[in-house]
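This report concerns only the one structure given below.
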Amino acid sequence: MLPKALSREQAQLRADTPGCQHIVHFNNAGAALVTKDVLETQKAFLDAEAGHGGYETATAQAEALKRPYYELGKLLNCSSDNIAILQSATAAWMQVFYGIPFQKGDRILTSVHEYAANYIAYLQVVKRTGAVIEVIPETEQNDVDIQALEHSILHGKGRPALLAFTHIATNSGRVYSADAIGAVAKRHKVPFLLDACQSIGQMPLDVAKIGCNWLTGTSRKYLRGPRGVGFLFASDEAMKHFEPGTLDMCGAEWTSESEYRMQPGAKRYEQYERNFAAVAGLGVAVQYANELGVDWIWERVQHLAAELRVNLARLPGVTVHDRGTLLCGIVSFSKDGVAPARIQAALLEKNINVHRSARSSTRLDFERRQLPESVVRASVHYYNSGEEIDQLVQAVWEAQ
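Residues in the sequence shown are numbered consecutively from 1265, following our numbering.
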């Protein structure tokens, strides 16, 4: 059981989070509450832009705009030269995916719990090129089936052109074994793109250990940064063989009438225009996570989520849908006879934020597990308290 009294450390975390004064926030997998330092950084940057000009502020705040590169490098165990900052995680992911020269018969290997934005891109490339999507099944423990993945690479028809996996699904708490996927990718020299939107900020990620060629993430979720900014890790090996999907005058230099030269590092994936205030805020957010320590964050998040699952499962008519050997801070559930939209609305009336995951967000997983059209998604973070978990569970019990 979680202690109901806050420790001094937990009280400080909540004091650092202005939103905790007004709302019980269990939508951290959507957009977590930012810290006051992140908020003040953005406000100050916008004030400077309004008072002195956008270009001039970017020049004056050059150090603040460099911070996310080295803080993300520290978080992911890579060089800052391997980090690119973009407008969103989707923009980062697309820069990688559409830079791969798929041909007819090439296979895109992905998973049962792949996210809709990614899968739609697969379908578009299939339509354009004649590439093929192959969905790797799960084990009985609801992890990606590594043996099936390796068998597909070795014996499948057509070239395995890309392993593209989402680390944590948007609709479920289960975590895939990214390290095991990376080992297979390395062994067979198949490029590996990992969507880490839901994992970065809540659990340790080491790109050297994972062995991915690219990793994409967002600011707004478990890193507690601003909306409107995402990022990408690109390995040196990947940059030797693949160009970004698009290039502009930020990612490349126009060197002659008929030639261009890409930036030497991951900045080649970037585009000129971004939300610079959000970039500065991201740097502060990642620094905060690094100072807390991601190992401590992961332990705290898992503890809170486990407590929430146990308490929800005790309620009459409530089914918790998370299955897997390793579960994270996302808790998905439904209640007999009460639509998820009604549960969400009833909780909001009590100043409790949750979200809903719809079938269209992870269609393959919903259909294979025969889930309802949508499920309630309550996602915890380290600043949540045991008392807030009790409030959520009580509100779900009362919802009708």
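All C-beta atoms in this analysis are idealised placements derived from N, C-alpha and C, irrespective of residue type, glycine included.
As the structure is a computational prediction, the values presented were derived from the model and not from experiment.
Item	Value
So which of Asn-1292, Ala-1293, Ala-1322 has the shortest CA-CA distance to Gln-1306?	Ala-1322
If you run the structure through DSSP and keep just helix, strand and coil, what is Thr-1393?	helix
When the distance is taken between beta carbons, is Phe-1597 closer than 8 Å to Val-1574?	no
Could you spell out where the beta strand (DSSP E) holding Leu-1479 opens and where it closes?	1478 to 1482
For His-1619, count the other beta carbons within 10 Å of its own beta carbon; 16 or more makes it buried, fewer makes it exposed. Which is it?	buried
Spatial neighbours of Arg-1623 within its chain, please: CB distance less than 6 Å, with the 5 preceding and 5 following residues excluded, ordered by chain position.	Phe-1630, Glu-1637
What does the alpha-carbon distance come out to for the pair Thr-1482 and Thr-1519?	33 Å
Please name the residue in Gln-1411, His-1415, Asn-1346, Val-1602 whose C-alpha comes closest to that of Cys-1476.	Asn-1346
Residue range of the beta strand (DSSP E) that Ile-1372 falls in?	1371 to 1375
If we ignore side chains and look at the alpha-carbon of each, how far apart do Asp-1586 and Asp-1512 end up?	42 Å
Cβ atoms of Leu-1350 and Gly-1494: under 8 Å apart, would you say?	yes
Alpha carbon to alpha carbon, what distance is there between Arg-1272 and Ala-1385?	47 Å
Flag this pair as yes or no: are the beta carbons of His-1205 and Ile-1417 separated by less than 8 Å?	In the structure as shown, the chain begins at 1265 and stops at 1664. Residue 1205 is therefore absent and cannot be evaluated.
What residues in its chain sit with their C-beta under 7 Å from that of Thr-1403, if we drop five residues either side in the sequence?	Asp-1409
DSSP three-state label for Ser-1416, please.	helix
Using DSSP with H/G/I as helix, E/B as strand and the rest coil, what is Gly-1529?	coil
Scan the region 1621 to 1646 and note each continuous beta strand (DSSP E) run of 3 residues or more that stays entirely inside, going in chain order.	1638 to 1643
Report the three-state DSSP secondary structure of Asp-1559 (helix, strand or coil).	helix
Classify Gln-1462: buried if its beta carbon has 16 or more other beta carbons within 10 angstroms, exposed otherwise.	buried
Within a Cβ cutoff of 6 Å, which residues of the same chain sit near Leu-1496, ignoring the five residues on either side of it in sequence?	Ala-1348, Ala-1356, Thr-1480, Tyr-1533
Name the two residues that bound the continuous alpha helix (DSSP H) containing Glu-1402.	Element bounds for Glu-1402: n/a, residue is neither H nor E.
For the region 1576 to 1615, list the beta strand (DSSP E) runs that are entirely contained and at least 3 residues long, ordered along the chain.	1582 to 1584, 1594 to 1599
CB Val-1298 to CB Arg-1488, shorter than 8 Å?	yes
In this structure, what does DSSP give as the bridge partners for Phe-1429?	Leu-1458
From the DSSP output, in three-state form, read off Leu-1297 for me.	coil
Taking the beta carbon of Arg-1632 as the centre, do at least 16 other beta carbons fall within 10 Å, making it buried, or is it exposed?	exposed
Tell whether a beta-carbon distance below 8 Å holds between Gly-1369 and Val-1396.	yes
Assuming the contact rule is C-beta atoms closer than 8 Å, Val-1660 and Lys-1599 should be a hit. Round their C-beta distance to whole Å, please.	7 Å
Just reading off the beta strand (DSSP E) that Phe-1497 is part of, what are its end residues?	1494 to 1498
From which residue to which residue does the alpha helix (DSSP H) around Ile-1653 run?	1650 to 1662
Under the three-state reduction of DSSP, which class applies to Pro-1468: helix, strand or coil?	coil
Are the beta-carbon atoms belonging to Gln-1664 and Val-1602 less than 8 Å from one another?	yes
Helix, strand or coil for Ile-1347 per DSSP?	strand
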